[in-house]
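S.K.: Once you've had a glance at the structure underneath, I'll fire off some questions.
2 protein chains.
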Amino acid sequence: MKFATYHDGTRDGQLWVVSRDLSRAIPATGIATCLLEAIETWDDASPKLAALYERLNNFEEPFATRFEPERCLAPLPRAPQWLDASAFLNHGRLMDKAFDNPPNPEFETIPLIYQGASDDFRGPLADVEFPDDKLFIDMEGEFGVVLSDVPMGTSAEEAEAHIRLLVQINDWSLRAVGPREMRAGFGFLQAKPSTAFAPVAITPDELGDHWSNGRVVLKLHVEINGREVGRADGREMHFSFGQLIAHCARTRRLTAGTVVGSGTVSNADRAAGSSCISEIRVIELLDEGAARTPFLTWGDRVRMESRLPDGSAPFGVIDQRVVKA
Amino acid sequence: MKFATYHDGTRDGQLWVVSRDLSRAIPATGIATCLLEAIETWDDASPKLAALYERLNNFEEPFATRFEPERCLAPLPRAPQWLDASAFLNHGRLMDKAFDNPPNPEFETIPLIYQGASDDFRGPLADVEFPDDKLFIDMEGEFGVVLSDVPMGTSAEEAEAHIRLLVQINDWSLRAVGPREMRAGFGFLQAKPSTAFAPVAITPDELGDHWSNGRVVLKLHVEINGREVGRADGREMHFSFGQLIAHCARTRRLTAGTVVGSGTVSNADRAAGSSCISEIRVIELLDEGAARTPFLTWGDRVRMESRLPDGSAPFGVIDQRVVKA
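Okay, structure coming up:
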């Protein structure tokens, strides 16, 4: 199934079911008003949503309309919780060099995950506001999962059964603040403004073999101002989503609608480019002696799209412009 | 005004208005189903809630019943966001010694605030479950504020006008995990299980002069298994709640219902005792050469109550038992 959330003046928006090819959509009226409600009542709602999705794909819903990404909020405009990992170790190694971080002896065995703000996720085409472009505005292209209720102590093996939906994410970041917040030990706050999401959340089965071992095995194409800078594949995620969920649920339960992110998609092969500017800059520094790609400023556009081999984009497109608050 | 949330089978619970003396209560039927809805619609809801509160206090509500804390969830069983500071520098200095943290040059000028989980706040009398008592189970007695929508860039001076309610908090902590998570730089996750709240959330005017300079000027009485270990006063909070809010809103807006915590209430005067065990232990270590107060284990009880000079407890009482998950 595929879902989107249209702006309707409420904080949670209105749930729409989107056709497999993202051409058409229909509101989930009478099943769930918003996506969070659908996830909270999944056992009851999902068979009804599946039936509606099938009718929509079969052109049996006369009231379906063209799918309009420009009406979309984030699939979950607000979520109970947002936990974002750094599960691509290639990214972690480069960022440690960029930030001159001290060595982390558990780098390969204990996932790094920060608790982020989930009260104000941004839509796929919304302008993103920042107070100051001297804060080194950066993007982070990621994949994520939306969970059902997860009991405390759930194992990595059990955790995958709690994954309801997959999402595609741009975790906006302010690099001038991040290193100070890391050193202070309390984690990211000012360094992580509101996170943005591609318009369509999908059930894992929609990816077929491209959902594998608890990983989204897709290339994430990232463009800055129309120039592709990244095409890294989700395959190299060191920790699976199951492992990330188990880490988060070790000392607490997670409630339905919790979103867990992969962290910046990153590959060891330099030809894959990068899903964030900091990575590009540290590679330039290592290879050429100086970083030359600038961070983002007012008017810059960031586009992110993951593609199946047939060229289709299962999550739709993130295409945002950086603006002054 | 004073508010509580009764368990009614929903995730957000049912909003009740509580009398000033916490003796009686009445549901806010027809005004707001839950406290979050009341905060989101405050301009419309608050005059109606104020009228109901006045009638309740004047014994003019025939359907009022005895206030029953045993029916209470946290005032906000889930909130859009939870941002917890360490605004009592006496606590911060002691914890830096306890954890052997490196010096933080901005200790007195930039508040330390971590982003916590807000999807699963615990009620005042609920058993608190932990997976393992070797994780050094500890409490943190705090005050907090619940906010209206706060625009990005709000100043400390403007921020106080966004404070809708005051709350009293026990920020449960696992000290065996905290130092590792601080060193890793991504902030607390496993070290901060679900946070608990006293049953009653109150508007700042309810405290009279005891809400002053953006601080809750009340003693917080903390007991472990019936023995009082802390009676620290909120007066010594180094950063005001206005300053904390401004810090949080520097690079993003905060949505209505966001909770900001003070961090462990702590006074320089050793006679005030401590609102967490780690502080007690580091003082023992400094004064007596060895920590002897143990962390908590199964069956231990923690009670927290802040008191006005007349002995009344404006937020009610947190009284929880530690149990194995």
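Just so you know, the protein sequences line up as chains A and B, in that order. Each step along the first sequence adds one to the number in my numbering, with nothing skipped, and position 249 is 257. Each step along the second sequence adds one to the number in my numbering, with nothing skipped, and position 14 is 22. Backbone N, C-alpha and C define an ideal beta-carbon position, used for all residues, glycine too. Everything numeric in this text was worked out from a predicted model, so none of it was measured.
1) Taking the alpha-carbon positions, what's the G186 (chain B) to T13 (chain B) distance?
2) Just the C-alpha distance for H99 (chain B) and M160 (chain A), rounded to the nearest angstrom, thanks.
3) Measuring CB to CB, does N221 (chain A) end up less than 9 Å from A204 (chain A)?
4) Could you have a look at P110 (chain B) and say whether DSSP puts it in helix, strand or coil?
5) Return the residue from the list A:G216, A:F138, A:D29, A:E114 that minimises the CA-CA distance to V225 (chain A).
6) Is the shortest distance between the beta-carbon of I34 (chain B) and the beta-carbons of chain A less than 9 Å?
7) Within 10 angstroms of the Cβ of K200 (chain B), are there 16 or more other Cβ atoms? Answer buried if so, exposed if not.
8) Chain A partners of E137 (chain B), CB-CB under 8 Å?
9) Are there 16 or more other CB atoms within 10 angstroms of the CB of R74 (chain B), so buried, or fewer, so exposed?
10) Using a 10 Å radius around the Cβ and a threshold of 16 neighbouring Cβ atoms, would you call E189 (chain B) buried or exposed?
11) Cβ of H255 (chain A) less than 9 Å from any chain B Cβ?
12) Count the other CB atoms, across all protein chains shown, that sit within 10 Å of the CB of S320 (chain A); report buried if there are 16 or more and exposed otherwise.
13) Only counting runs of 3 or more residues, tell me where the beta strand (DSSP E) segments fall wholly within the segment 69-105 of chain B, in order along the chain.
14) Three or more beta-carbon pairs under 8 Å between the segment 85-93 of chain A and the segment 111-126 of chain A, yes or no?
15) Looking only at its chain, what residues have a beta carbon closer than 8 Å to the beta carbon of A257 (chain A), apart from the 5 residues adjacent to it on each side?
16) Please name the residue or residues paired with T13 (chain A) in a DSSP beta bridge.
17) Closer than 9 Å, CB to CB, is V175 (chain A) near chain B or not?
18) Bridge partners of V331 (chain B), per DSSP?
19) I'd like the span of the beta strand (DSSP E) that includes V175 (chain A), first residue to last.
20) Drop a sphere of 10 angstroms on the beta-carbon of S314 (chain A), count the other beta-carbons inside from all chains shown, and report buried for 16 or more, exposed for fewer.
21) Is it the case that the segment 99-112 of chain A contacts the segment 226-246 of chain B, given that we only count it when at least three CB pairs across the two stretches are under 8 Å?
22) Taking Cβ to Cβ, would you say I253 (chain B) is nearer than 9 Å to V153 (chain B)?
23) Mapping DSSP to helix, strand and coil, what is A58 (chain A)?
24) Assign D241 (chain B) to buried or exposed, taking buried as 16 or more other Cβ atoms, counted over all protein chains shown, within 10 Å of its Cβ.
25) With a Cβ-Cβ cutoff of 9 Å, do M9 (chain A) and A72 (chain A) count as a contact?
26) With a threshold of 7 Å on Cβ separation, who are the neighbours of R86 (chain A) within its own chain once the five nearest residues in sequence on each side are excluded?
27) List, in order along the chain, the chain B residues whose C-beta lies closer than 9 Å to that of P77 (chain A)?
28) Note down, one range per segment and in chain order, each beta strand (DSSP E) of at least 3 residues found wholly within the segment 213-261 of chain A.
29) Would you mind stating whether T301 (chain A) and I285 (chain A) have Cβ atoms separated by less than 9 Å?
30) Would you kindly report the start and end of the unbroken beta strand (DSSP E) that includes G186 (chain A)?
31) Mapping DSSP to helix, strand and coil, what is D146 (chain A)?
32) Here's a check: name, in chain order, each residue in its chain whose Cβ is nearer than 7 Å to the Cβ of I47 (chain B), leaving out the five neighbours to either side.
33) Quick one: grab the DSSP three-state call for L43 (chain A).
34) Between B:M245, B:A40, B:H218, which has its C-alpha nearest G269 (chain B)'s C-alpha?
35) Provide the residue span of the alpha helix (DSSP H) that contains E296 (chain B), from first to last.
36) By DSSP, does E116 (chain A) sit in helix, in strand, or in coil?
M.R.: Short version:
1) 31 Å
2) Their backbone Cα atoms lie some 30 Å apart in a straight line.
3) no
4) coil
5) Minimum Cα distance to V225 (chain A) is reached at A:G216.
6) no
7) buried
8) Within chain A, the residues near E137 (chain B) are M160.
9) exposed
10) buried
11) yes
12) exposed
13) 90-93
14) yes
15) V158, P159, M160, G161, T162, A167
16) DSSP lists A:L23 as partners of T13 (chain A).
17) no
18) According to DSSP, which records beta bridges pairwise, V331 (chain B) is partnered with B:E137.
19) 171-178
20) So S314 (chain A) counts as buried.
21) no
22) yes
23) helix
24) buried
25) Going by C-beta atoms, M9 (chain A) is not nearer than 9 Å to A72 (chain A).
26) R19, D20, S126, D127, D128, F129
27) Here the premise fails: no neighbours, minimum Cβ distance about 23 Å.
28) 227-232, 235-241
29) yes
30) Segment 186-192 is the alpha helix (DSSP H) holding G186 (chain A); no beta strand (DSSP E) there.
31) Collapsing the DSSP output to three states places D146 (chain A) in a strand.
32) Hits under 7 Å: V154, S156, R172, A264, G265.
33) Taken through DSSP and simplified to helix, strand or coil, L43 (chain A) comes out as helix.
34) B:M245
35) 285-296
36) coil
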